[in-house]
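Engineer: Top to bottom, those sequences are chains A, B and C.
Residues 6 to 607 (the working numbering) are what the first sequence spells out, left to right.
Residues 842 to 1226 (the working numbering) are what the second sequence spells out, left to right.
Residues 11 to 273 (the working numbering) are what the third sequence spells out, left to right.
Every residue, glycine too, gets a C-beta built ideally from N, C-alpha and C.
For clarity, every value in this text was computed on a predicted model and none was experimentally measured.
Got a structure for you, questions after.
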Amino acid sequence: MTTLDSKTHGLDHAHGGHHDEGSYLTPRGGWISTVIQWATTIDHKKIGVMYLTAILFMFFLGGVAALAVRFELFTPVRLDANGNVTGQWLAHLPLVGNVEGETQNVNPGNNLYNRAFTLHGAIMVFMVLVPSIPASLGTFLLPLMLGAKDVAFPRLNLLSWYIYLFGSIFAVLSVLMGGVDTGWTFYTPYSTTTDADSWRVVLMILGAFILGFSSILTGLNFVVTIHKLRAPGQGWFDMPLFVWAIYSTSIIQVLATPVIGITLLLLTFERVFHVGIFDPALGGDPVLYQHFFWFYSHPVVYVMILPAFGVISEVIPVHAHKKIFGYRAVAFASLGVAAVSFIVWGHHMFVSEGELAATVFSALTFLVAIPTAVKVFNWIATLYKGSIALTTPMLYALIFLFLFTIGGLTGLPLGTLSTDMHLHDGYFVVAHFHYVMMGGTIMALMAGLHHWWPKMFGKMYNSFWANIGAILVFIGFNVTFFTQFILGVKGMPRRYATYVDELTIYHQISTFGSVLLLIGFLVHLFVFVHSLVAGRQATQNPWGGLSLEWETETPPIEHNFHHEPVVKHGPYDYETTVPPGWDPKDYPIPHAARSHAVVVKH
Amino acid sequence: MNLTSLYTLAFDKPAAKLPAHDLWFSDHAATTAATHTDWMFMWLFWFCTAWFVVLMGLMVYFVVRYRRRPGQIAPYSPSHNTMLEVAWTVLPSLTLVFMFFEGFKGYADAAVAPGNAIEMQLKAKKWSWSLIYPNGTESPEQVTTSPAGPVKVPVFYVPEGTPIKFRMSSSDVMHSFWVPAFRVKFDVFPNRYTTYWFKATNLDTTDPATKTFSADEKVDPINVKFAGRPYIDHYIFCAEYCGDQHSEMAGIVRVVPMDVYLAKIEAWASESLEPWQIGERVYQQQCIACHSIDGKANTGPTWKDLFGHEVEFTDGTSLSAADMSDDTKFANYIRESVYMPSKKIVKGYQNQMNTFMGMVNEKQLDGVIAYMKRLSEKGQPADKK
Amino acid sequence: MSTIDAHSHAQGTGEDVKLPLWARYKYAAHFRSKEDEFDACKFGFWLFLATEVLLFSGIFCAYALFRWKYPEAWAEGSSYLDWRWGGFNTIVLLVSSYTMAAAIRNAQLNQQARMRFNLAFTIICGLAFVAIKLLFEYTPKWTGWFFVLDPSLAHHADSGKTMLGGLFHYVEGYGGKAPGKFFSYAFANDPHLPLWWAVYYSGTAIHALHVIIGAGLIGWCLKRSFKGAYGPGHYTMVETAGLYWHLVDLVWIFLFPLLYLIH
């Protein structure tokens, strides 16, 4: 039951004559030339690994900012009997004093707190979540899954990576100069008037603008790759669902990102030249800014979550050795979500805009719930009568289902107009999007990372400790963020540096959870480093995947495949196909099913 | 001057804690519309909980029941079922339609004010709220929120059982007016008016949050008159991030019986104050966030010893001590600084202040000037009293 | 063996090196055929053009919203623009679009010299467009200095001030129509006039930036065309640069009537 033409079973070197084709990771020459090779590579796998490294580093930076926020909120800010401020954790940080040019003596803690949550938001959104799965796993896997040698425009791919780096440097520079306190949404007129004499805000905005280009070019590259470079025999509905998800994501990236581009550009004009398209002092309209901003930033949450759907749609079938339930429904749900995502931005302005707009956007918002719910049903139905291995990727996929279901369901009270008027701009929203973005995207990234780690680096990791890490992250996450739902309903506004006494206990539980999260991620860091240094060699197909990336060597050779693969089975045909690289004895397909396979031709 | 410690005790907050049995809301819905919102929220909560339990129950059951057994592969089972898939697409959609309409109903109640509502002007600025009543007065009452003293937030009196409509505007950036107990917030913009309405439900004397006025220790004739009458306090927060003291931009809305409300606003209207007292009130309501009166630098320069002392400006010009001691020149300088603050910036400060045109009237401005003189050692003994 | 470079890794090396570059070029190794590669490039570029359209759509939205809110400011602002300069620039761009299309045709027919001429002419048109915009439109409105004095401005007192031997004339009270806080035009009738200028300058400046980028792209094509890079069957770069140039042209076709013609 092979999946490739016998002549393309290129593991045998005698056939191919590709003796020089080692793993893409094999260094060639000394370390200097290796570094240069990596820096100038147009190999999508290397670029993917570089993205992954950068994104994990940014995740660490954003996480530090998040911890700063949580620690500041551990105790409310109060005056003691002597008139001294207590409960300001950030004000005691030795590294930053009052930012130059800032207000003096008001409340240094508030000022730093505002910078910390802005830093957290901007890094996590623009530098982690948006590129997370598409840029790292997507760049690495997309050509492999399509049986292609590379993405359509390899040099453009490298350019995207450098643009990402360049944009990140802008943002980091702005932080090193003292940070910005606008919030990651840069709402006008606050963002056009704060820190009036400094370039920090402009740098941060330009950073986000530049990152947008990286996103556009990556998306464009992926769309063309999927259209043009599928392996022979791979029709649209033979593609792994991860590819469908990346396809939908890329469309959003291409169509929505330019709008944030012009918005941030106009914002920069406004700050530098005081042209006032958004500034009411000059006749402009701050709500126009919000419309522009969310026209991009709402679809972009689907840029963050759709690839996560894709990862889960891979991990669940592979680790359950079970055909995905309702392939077409899942594929079309991705496209459906992408389409609907463009017409729901107004729900970010339920408490800013007129009644008619709010009503229309509320109705449209509920539409998003339908394809999303369908996906969850399909994933759970896929587990039915599977052969489920509780590996780390599967554990993370289940964690994803748990957290994302909460995240999705808590979207309902936010889409419902009357309850949203209470919950809007409060901690309920904060908790909701953390459940969706972190519980969704980041958990899926962890699932995908553990799933494809052996393929990417050729090493296995210690599953026991990885599972311990996953459980710690799961518990820590819920402790941190479920309390924030309660805080939101009780009346805790967003972006507050302090709070009323009754809420102290919830904030303290939440901070405690964030420490658990930190420990969980540190366990993972240890597991990854240990795997790279001392991990045991991975086999070609440790989990028994059927999509094309498991056909090639581990780690893949430079040109991905020794010969162009020809697709002869669907990516989830578990009842009829022995996973490539597996001994048929380990995967005993009943006779009936085998004959079944002859009838059902792909 | 430090404004951090807003929320500590001394608030005239109910001493009795609310019953802890309610996981979600820490106070009762305090308006007619809010009651529906609470019902809607709890309905959604149980709806979501039910779905969550079913989905997760299935997931856990499948994972345990169909765990991998060596030497066996998953048996064939259909990977597609049109009926099932259509059913689980359409049925949830129907409940979504219900949610939308119920939510819309509640929203329509909460967003559209009835025609007979009493209209008041709510003004927001970095970082305080002020409310102008129909008779043109503002509430001078403030509560200290910390035992250490300086932080005060305004107390707005509103009558129970009557629709009230706030016409809201901001003089600088965006804010959002939120009374959690009313379950409604709405954004406040610098370039347009937005409205916020509510009808506070009748004061419920069995509610531990409702308390009664006591005879104030200052023997305030107004409060003494109301001693024994019920009232209930609710927090006001700013829900749209607006800068450094976003988290200190709070207030209290105090629901009182109609007669108490009417007597209060009448009393404020007929109050006769010394000019410097008016100035002090303006200071506490509008200027305290950025200007100190104890000599410390803040966002803006301190008011202590401003009168009669030389100031230098960023454009190189200055006003001499003699100029600043001259009543007319000093008054002109202050007037310009209040109404056109960007004209002259004191050396060492940023151009951050917005104009207070329309927020500080002539009488109030005179009061501010008198108050500044009082704060200066160079001020006339007559100013000092 | 380490690269899949679209240009250096042409398959089938060892052919006659005397052939021009375009004739030797096969296709990048990760594509299956030359047609695939060409289609992919064109498809990718069309997607990119879609993003450009969306980029400008922000400006058009702002234009529409503020026009609807402040029609008087828009009428007044528009009356300061001279449709003749705008019209002339439109013609310049249309001509350049023609020469650009002709250059692609020349590439297909292997008319190297004509192609270079057309490319160069397109670039000159683009630069002329920007120069006209700067000299005849931006400069007088910002500073009051005219490159060539417009006789229709007789109602403004000519201050008699000149510069560079009479090349520039100064008209008292005409300048100051800059956006935002730099706006200092004393005779404005509408308080929202600065907003009009904000939209006008943002729109035309971002468009002018695109003209410059487009001219740069075409310049790069021109440089490579001297090495014989383009010819029948391999003119992807010229084609895509052309597509970009037509888009830039198209945006102007929308900007021109919106800003200059309708009041």
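#1: With the cut-off set at 8 Å, would you say residue 490 (chain A) and residue 433 (chain A) are in Cβ contact?
#2: Ignore the nearest five residues each way along the sequence and tell me which others in residue 111 (chain A)'s own chain have a CB closer than 7 Å to its CB.
#3: In terms of residue numbering, what span does the alpha helix (DSSP H) encompassing residue 1004 (chain B) cover?
#4: Apart from the five residues on each side of it in sequence, which residues of its chain come closer than 6 Å, Cβ to Cβ, to residue 340 (chain A)?
#5: Going by DSSP, what residues sit across from residue 972 (chain B) in a beta bridge?
#6: For residue 590 (chain A), count the other beta carbons within 10 Å of its own beta carbon; 16 or more makes it buried, fewer makes it exposed. Which is it?
#7: Take residue 921 (chain B) as the anchor and find which of A:175, A:379 and A:141 has the nearest alpha-carbon.
#8: Beta-carbon separation of residue 275 (chain A) and residue 197 (chain A) under 8 Å?
#9: Strictly under 8 Å for the Cβ-Cβ distance: is residue 290 (chain A) near chain C by that measure?
#10: Between A:550, A:416 and A:81, which has its C-alpha nearest residue 502 (chain A)'s C-alpha?
#11: Where does residue 1159 (chain B) fall in DSSP's three states?
#12: Would you say residue 264 (chain C) reaches chain A, if we count a Cβ-Cβ gap shorter than 8 Å as a contact?
#13: Using a C-beta to C-beta distance shorter than 9 Å, which residues of chain A count as neighbours of residue 1087 (chain B)?
#14: Distance, Cα to Cα, residue 555 (chain A) vs residue 201 (chain A)?
#15: CA-CA distance, residue 269 (chain C) and residue 191 (chain C)?
#16: Is residue 268 (chain C) helix, strand or coil by DSSP?
#17: How far does the alpha helix (DSSP H) with residue 192 (chain C) in it extend, from its first residue to its last?
#18: Is the shortest distance between the beta-carbon of residue 233 (chain A) and the beta-carbons of chain C less than 8 Å?
#19: Please confirm if residue 213 (chain A) has its CB atom under 8 Å from at least one CB of chain C.
#20: Flag residue 1182 (chain B) as yes if its beta-carbon sits less than 8 Å from any beta-carbon of chain A, otherwise no.
#21: Taking residue 1075 (chain B) as part of the beta strand (DSSP E), name the residues at either end of that continuous run.
#22: Taking Cβ-Cβ distances below 7 Å as the criterion, which residues of the region 925–939 of chain B are in contact with chain A?
#23: In whole angstroms, what is the alpha-carbon distance linking residue 1044 (chain B) and residue 1005 (chain B)?
#24: Just the chain C side, please: which residues come within less than 9 Å of residue 155 (chain A) by C-beta, in chain order?
#25: Taking 8 Å as the threshold (beta carbon to beta carbon), is residue 259 (chain C) in contact with chain A?
#26: Are the C-beta of residue 588 (chain A) and some C-beta of chain B separated by less than 8 Å?
#27: Counting Cβ pairs, one atom from each stretch, are 3 or more of them under 8 Å apart for the region 354–365 of chain A and the region 402–412 of chain A?
#28: Mind checking if residue 1128 (chain B) is an interface residue toward chain A, Cβ cutoff 8 Å exclusive?
#29: By the three-class DSSP mapping on this structure, what secondary structure does residue 130 (chain C) have?
#30: Could you tell me how far apart the beta carbons of residue 317 (chain A) and residue 452 (chain A) are, in whole angstroms, since I believe they sit closer than 8 Å?
#31: Evaluate the contact criterion for the region 1111–1125 of chain B versus the region 1197–1213 of chain B: three or more CB pairs, one atom per stretch, below 8 Å.
#32: Go ahead and pull the three-state DSSP assignment for residue 14 (chain C).
#33: Flag this pair as yes or no: are the beta carbons of residue 421 (chain A) and residue 940 (chain B) separated by less than 8 Å?
#34: Could you say which of A:519, A:73 and A:544 lies nearest to residue 586 (chain A) if we only look at CA atoms?
#35: With distance defined between alpha-carbon atoms, name the residue in A:272, A:283 and A:143 nearest to residue 220 (chain A).
#36: Which residue marks the beginning of the alpha helix (DSSP H) containing residue 56 (chain C), and which one marks its end?
Structural biologist: The answer reads as follows:
#1: In this structure, residue 433 (chain A) lies closer than 8 Å to residue 490 (chain A) by Cβ.
#2: Residue placement at residue 111 (chain A) cannot be trusted, given a pLDDT of 45 that sits under 50; the coordinates are not used to answer.
#3: Following the DSSP letters along the chain, one finds residue 1004 (chain B) in no alpha helix (DSSP H) but inside the beta strand (DSSP E) bounded by residues 1004–1011.
#4: Here the set comprises 253.
#5: BP columns for residue 972 (chain B) point to B:963.
#6: Exposure of residue 590 (chain A) is indicated by the presence of fewer than 16 other C-beta atoms within 10 angstroms of its C-beta.
#7: Ranking the options by Cα distance to residue 921 (chain B), first place goes to A:379.
#8: In this structure, residue 197 (chain A) lies closer than 8 Å to residue 275 (chain A) by Cβ.
#9: Cβ-Cβ to chain C under 8 Å: yes for residue 290 (chain A).
#10: Of the listed residues, the one whose Cα sits closest to residue 502 (chain A) is A:81.
#11: Strand at residue 1159 (chain B).
#12: Chain A contact via Cβ: absent.
#13: The answer, in chain order, is 115, 119, 498, 500, 501 and 502.
#14: Going from the Cα of residue 555 (chain A) to the Cα of residue 201 (chain A) covers about 55 Å.
#15: The C-alpha of residue 191 (chain C) is placed about 21 Å away from the C-alpha of residue 269 (chain C).
#16: Correct three-state label for residue 268 (chain C): helix.
#17: Element bounds for residue 192 (chain C): n/a, residue is neither H nor E.
#18: It does; some Cβ of chain C falls within 8 Å.
#19: No, no contact with chain C.
#20: Residue-level contact check: residue 1182 (chain B) does not touch chain A, since none of the beta carbons of chain A fall below 8 Å from its beta carbon.
#21: Looking at the DSSP string, the run of the beta strand (DSSP E) that includes residue 1075 (chain B) is 1071–1079.
#22: Within the region 925–939 of chain B, the residues whose Cβ lies closer than 7 Å to some Cβ of chain A are 926, 929, 930, 933, 934 and 937, listed in chain order.
#23: Distance between the alpha carbons of residue 1044 (chain B) and residue 1005 (chain B): 16 Å.
#24: What residue 155 (chain A) touches in chain C: 14, 38, 39 and 40.
#25: Residue-level contact by beta carbon fails for residue 259 (chain C) and chain A, as no gap is shorter than 8 Å.
#26: No, residue 588 (chain A) lies away from the interface with chain B (no Cβ there is under 8 Å from its Cβ).
#27: The region 354–365 of chain A makes no contact with the region 402–412 of chain A: fewer than 3 CB pairs, one atom from each, lie closer than 8 Å.
#28: It does not: the Cβ of residue 1128 (chain B) has no partner Cβ on chain A nearer than 8 Å.
#29: Note: residue 130 (chain C) maps to helix in three-state DSSP.
#30: Correct: roughly 7 Å between the Cβ atoms.
#31: The count of Cβ pairs closer than 8 Å, one atom from the region 1111–1125 of chain B and one from the region 1197–1213 of chain B, reaches three, so the stretches are in contact.
#32: Legend: pLDDT at residue 14 (chain C) = 36, less than 50; position of this residue unreliable, value from coordinates given subsequently. Looking at residue 14 (chain C) - three-state DSSP - the assignment turns out to be coil, as it is neither helix nor strand.
#33: Yes, these two residues count as a Cβ contact at 8 Å.
#34: Nearest option by C-alpha distance: A:544.
#35: When only C-alpha atoms are compared, the closest one is A:143.
#36: Taken as a continuous stretch (DSSP letters only), the alpha helix (DSSP H) holding residue 56 (chain C) covers 44–79.
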